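Residue numbers (our numbering): 29 to 331. Heads up, the beta-carbon is just placed ideally off N, CA and C, and yes, glycines get one too. None of these values were measured; they are calculated from a predicted model.
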Amino acid sequence: MLLRQTLLFLSRRKELEEFLKHNPLARQASSRFVAGETREQALAVTHQLNQEGFKVTLDYLGEEVADAGQAAAATEEYAGAVEEAAARGLDAGVSVKLSHLGVRIDETLAFGNLLQVVQRAARVNRFVRVDMEGSELTAATLKLVRRVHSESANVGVAIQSYLRRSTAEVDLLNREKISVRLVKGAYLEPEEVAYQDLEEVVLHFMGLLESLFRDGHRPAVATHDEKLIEYAIDMAFIFNRGEEDYEFQMLYGIRRDLQERLKRDGHRVRVYLPYGTDWYGYFMRRLAERPANLWFLLRNLGK
Ligand SMILES: Cc1cc2nc3c(=O)[nH]c(=O)nc-3n(C[C@H](O)[C@H](O)[C@H](O)COP(=O)(O)OP(=O)(O)OC[C@H]3O[C@@H](n4cnc5c(N)ncnc54)[C@H](O)[C@@H]3O)c2cc1C
């Protein structure tokens, strides 16, 4: 627990970011979770995954931009990537972070950027998922997703089961037919807003799954936790959901065996595929989830 907290704290430290981003061995270690530095590399991996029967959501790495120019560049990359994927006939949407689209600078700016990505994706019949970041952005994220959804329905949002507020949010999103991707949550959060005990996070996840399979619109179950996946399959059966009506989502480079097994059993599986040079924050969150990954990094650095 302490190690997780330390790694999540370090995920926001610029000095360590500068050191690791320029270290070839750290870059090599991060490549386990990242498809490549360029859009071209990401689309090549997407093609391969589609051939194997997986769907993809592309994540252009980056968060917390400092100015409107960087937010505009990120907007163009997200929209361009989804357009190019569609033009190549690939089965891929995009996952975006609002801090990458400038929400910390100005909500109106982020709203315009998100709307642009969603509308351009709609023209090529693709879906946009808004990732959920730290809890200080939860309210703004939900507000902007609702506003954009009222103009273009091809947008959904991630909800974190560690947040206490998520039961009420899921009820509301279900009523508004906004698709939810359910995750446990990957950020450092205080006790007032988030369950700290993993058992509570899992129990809350189960309750939210039930609500999503009973009342939700096209739920996405995003976990590598086999017990929760079994529970989701039970919920799909109980609430009579066809395979087309929900999906499992997993991260690139994690539990390939499980992704394969679910796909073989006839489930829809979407791989979350990050690309780009700004991999530090994403990589540190993956280390925090499984500190065993840290030894892999340290071994590499020590070579
Ligand atoms: C598609 C997708 C999208 C996500 N989007 C968001 C988001 O928008 N916001 C957010 O806060 N979080 C997001 N997450 C991350 C999520 O919140 C969890 O931190 C992450 O999924 C780990 O939790 P778990 O449910 O997989 O279960 P865990 O109990 O952590 O893991 C179950 C098993 O999976 C394997 N595993 C899990 N993580 C790793 C890892 N890093 N390295 C190696 N093996 C691992 C291990 O075998 C582990 O025993 C997303 C996750 C997925 C799969």
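Query                                                                                                          : Result
Three-state class that DSSP yields for arginine 209 in the structure shown                                     : strand
beta-carbon isoleucine 206 near ligand 1 non-hydrogen atom, thresh 7 Å                                         : no
For glutamine 277, the first and last residue of its enclosing beta strand (DSSP E)                            : 275–279
Ligand 1 heavy atom lying under 7 Å from the CB of alanine 70                                                  : no
Proline 319, DSSP secondary structure in three states                                                          : coil
Residue from Lys205, Leu35, Arg32 and Ser39 with nearest C-alpha to tyrosine 308                               : Ser39
Member of Arg314, Ala316, Leu301 and Arg318 whose CA lies at the smallest distance from the CA of glutamine 69 : Leu301
DSSP state of lysine 83 mapped onto helix, strand, coil                                                        : strand
Nearest-angstrom beta carbon gap, leucine 240 and proline 247 [assumed within contact, 8 Å]                    : 4 Å
Residues bridged to proline 52 [DSSP beta-bridge criterion]                                                    : The partner list for proline 52 (beta bridge, DSSP) is empty, contrary to what the question assumes.
Closer than 7 Å: glutamine 144 CB and nearest ligand 1 heavy atom                                              : no
Inter-residue CB distance, glycine 121 and phenylalanine 155 (contact presumed, cutoff 8 Å)                    : 4 Å
Spatial distance of glutamate 161 from arginine 60 (CA atoms)                                                  : 22 Å
Tyrosine 308, DSSP secondary structure in three states                                                         : helix
Extent of the continuous beta strand (DSSP E) to which isoleucine 133 belongs                                  : That residue, isoleucine 133, is in no beta strand (DSSP E); it is neither H nor E in DSSP.
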